[in-house]
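>
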Amino acid sequence: MSHRNRLPVIQDAPGEAVGAGTSRRDFLRNAAAGAVLAAVAGCKPEAVVEELQRRHLSELSPERLQSMLGKLEKKWSAKYGKEVTVSAKGPMPGVNFAYGLDLSRCIGCRRCVYACVKENNQSRKNPQIQWIRVLQMDKEHGVALQHATPYYDPEKVPEAGHFYMPVQCQQCRHPPCTKVCPVKATWKEPDGIVVIDYDWCIGCRCCTAACPYGARKFNWAEPNLPAAEMNPVTDYLGNRPRPMGVVEKCTFCLQRTRSGRYPACVEICPVGARKFGNLLDPESEIRQVMDRKRVFVFKEELATEPQFYFFYAT
Numbered sequence: 005m006s007h008r009n010r011l012p013v014i015q016d017a018p019g020e021a022v023g024a025g026t027s028r029r030d031f032l033r034n035a036a037a038g039a040v041l042a043a044v045a046g047c048k049p050e051a052v053v054e055e056l057q058r059r060h061l062s063e064l065s066p067e068r069l070q071s072m073l074g075k076l077e078k079k080w081s082a083k084y085g086k087e088v089t090v091s092a093k094g095p096m097p098g099v100n101f102a103y104g105l106d107l108s109r110c111i112g113c114r115r116c117v118y119a120c121v122k123e124n125n126q127s128r129k130n131p132q133i134q135w136i137r138v139l140q141m142d143k144e145h146g147v148a149l150q151h152a153t154p155y156y157d158p159e160k161v162p163e164a165g166h167f168y169m170p171v172q173c174q175q176c177r178h179p180p181c182t183k184v185c186p187v188k189a190t191w192k193e194p195d196g197i198v199v200i201d202y203d204w205c206i207g208c209r210c211c212t213a214a215c216p217y218g219a220r221k222f223n224w225a226e227p228n229l230p231a232a233e234m235n236p237v238t239d240y241l242g243n244r245p246r247p248m249g250v251v252e253k254c255t256f257c258l259q260r261t262r263s264g265r266y267p268a269c270v271e272i273c274p275v276g277a278r279k280f281g282n283l284l285d286p287e288s289e290i291r292q293v294m295d296r297k298r299v300f301v302f303k304e305e306l307a308t309e310p311q312f313y314f315f316y317a318t
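Structure follows, in structure tokens:
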């Protein structure tokens, strides 16, 4: 098993564990000797040391952040043969994003799945990464996971006697995934989006185990992202290309939504089953849903308080 897949134990002295926020930085600073190995492998030692000592995103100065984004743009533009942009637009004040999904309209066509893959630069195959799963359920049993399957494949949808429930990151108000991360690589932003710093992630998968919705996906191999299919408009905390050995998930397409656009899955839905907006705006579409429809959340008994709401039109 790769060292990226195990939870590291870092100590200053025998029996004395270092705090999660500090241990990683101290460890990486002390690991500068790894630059010697990099030199043997043909890498520039100073570049390796710089990466090892890189601070958390929230601790970077604007100048350091722009320098880092510029390097990523240059790297990926060369790799994919197109002009790639990497933004780091933060949450807007007075905004708390939420999502609504009309179960009475969804037809299980999976267009949302493939629009998400295209927009967010997910690995196409070996491994195949999809942030959205569409569950087919029996109308006879209602919302019951023991009678659900994501592997339906009829000639036409919707299939008689069934309904469909897409599931993705629920952007919980009390996300258990962020509480278990030993290096604080994942956190909840003020606009309601739970994000991951892929450069900070150590691949321990504690967050994956903690998520009750199966929303987090692990890159077991180098992602397969053909240059022709790569979306060049990216965000540091959103749809930028991810490396092998990190966890990724839905971010409400923050590279779009923080610029006033809908998530890709909302735009593509052919029946208008998906709704999105600012919960703090009484005139927003999502508030109209909340105020007028029968609304419920997935696994309410867990008290994670998702900001992803399911509802029925009637």
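When we follow the working numbering, the leftmost residue of the sequence shown carries the number 5, and every step to the right adds one. All C-beta atoms, glycine included, are put in the ideal place defined by N, C-alpha and C. Please read these numbers as outputs of a predicted model, since none were measured by experiment.
When the Cα of LYS221 is compared with those of ASN243, PRO247, LYS253, which residue comes out closest?
Selected option, being the one with the closest Cα: LYS253.
> Kindly provide the ranges of any alpha helix (DSSP H) runs that are 4 or more residues long and lie completely inside the segment 86 to 127, ordered along the chain.
Listed in chain order, they are 115 to 123.
> Are there 16 or more other CB atoms within 10 angstroms of the CB of GLN140, so buried, or fewer, so exposed?
With 16 or more other Cβ atoms within 10 Å, it is buried.
> Report the option in GLY281, ASP239, ARG291 whose CA atom is closest to the CA atom of LEU76.
The shortest C-alpha separation from LEU76 is found at ASP239.
> With a Cβ-Cβ cutoff of 9 Å, do CYS116 and ILE136 count as a contact?
Cβ distance < 9 Å, so CYS116 and ILE136 count as in contact.
> Hey, how far is the Cα of PRO194 from the Cα of ALA164?
Approximately 42 Å, taken between the alpha carbons.
> May I ask you to verify whether the segment 83 to 98 touches the segment 254 to 272, counting CB pairs closer than 8 Å and requiring at least 3?
Touching, yes, given that three or more Cβ pairs across the two stretches are closer than 8 Å.
> Tell me whether the segment 122 to 129 and the segment 95 to 113 touch, counting them as touching only if at least three CB pairs, one residue from each stretch, are closer than 8 Å.
No, the segment 122 to 129 is not in contact with the segment 95 to 113.
> Where do the ends of the beta strand (DSSP E) carrying VAL237 lie?
Looking at the DSSP string, the run of the beta strand (DSSP E) that includes VAL237 is 237 to 239.
> TYR316 to GLN174, Cα distance in whole Å?
Cα to Cα, the separation comes out at about 18 Å.
> On the premise that GLU289 lies in contact with LYS279, defined as a C-beta separation below 8 Å, what is that separation, rounded to the nearest angstrom?
Right, the Cβ-Cβ distance comes to about 5 Å (below 8 Å), so this counts as a contact.
> In terms of alpha-carbon separation, which member of LYS83, PRO170, ASN130, PRO154 lies closest to PHE302?
Taking only the C-alpha atoms, the option nearest PHE302 is PRO170.
> With 16 other CB atoms within 10 Å as the buried threshold, where does THR153 fall?
When all chains shown are included, THR153 counts as exposed.
> What are the start and end residues of the beta strand (DSSP E) that includes THR190?
First-last of the beta strand (DSSP E) with THR190: 190 to 192.
> For HIS166, count the other beta carbons within 10 Å of its own beta carbon; 16 or more makes it buried, fewer makes it exposed. Which is it?
That one is buried.
> Rounded to the nearest angstrom, what separates ALA307 and VAL270 at their Cα positions?
One C-alpha to the other measures close to 26 Å.
> Ignoring anything shorter than 3 residues or poking outside the segment 263 to 290, list the beta strand (DSSP E) runs there in chain order.
You should have 278 to 282.
> To the nearest angstrom, report how far apart PRO131 and GLY242 are at their CA atoms.
Cα to Cα, the separation comes out at about 19 Å.
> Along the chain, where does the beta strand (DSSP E) containing ARG177 start, and where does it finish?
Looking at the DSSP string, ARG177 is not in any beta strand (DSSP E), and its letter there is neither H nor E.
> Would you call the segment 64 to 72 in contact with the segment 215 to 229, where contact means no fewer than 3 C-beta pairs closer than 8 Å?
Cβ pair count under 8 Å is below three, so no.
> Sort GLY276, PRO286, GLU304, ASP285 by Cα distance to GLY104 and report the nearest one.
For the residues GLY276, PRO286, GLU304, ASP285, the minimum Cα distance to GLY104 belongs to GLY276.
> When DSSP builds the beta bridges, which residues end up paired with VAL299?
VAL299 is bridged to PHE315.
> Using only the alpha-carbon positions, how far apart do CYS176 and CYS205 sit?
Approximately 20 Å, taken between the alpha carbons.
> Would you decide whether LEU73 is buried or exposed? Buried here means 16 or more other CB atoms lie within 10 Å of its CB.
That one is buried.
> Whole angstroms are fine: how far does the CA of VAL147 sit from the CA of ALA102?
Their Cα atoms are separated by approximately 21 Å.
> Could you tell me which residues DSSP pairs with ASN140 in its beta bridges?
Looking at the sequence itself, residue 140 is Gln, so the reference to Asn does not match. THR153, TYR168.
> Would you mind reading off the limits of the alpha helix (DSSP H) that contains LYS253?
Run containing LYS253: none; DSSP gives neither H nor E here.
> In terms of residues, what are the limits of the beta strand (DSSP E) holding VAL198?
Where VAL198 is concerned, the enclosing beta strand (DSSP E) stretches over 198 to 200.
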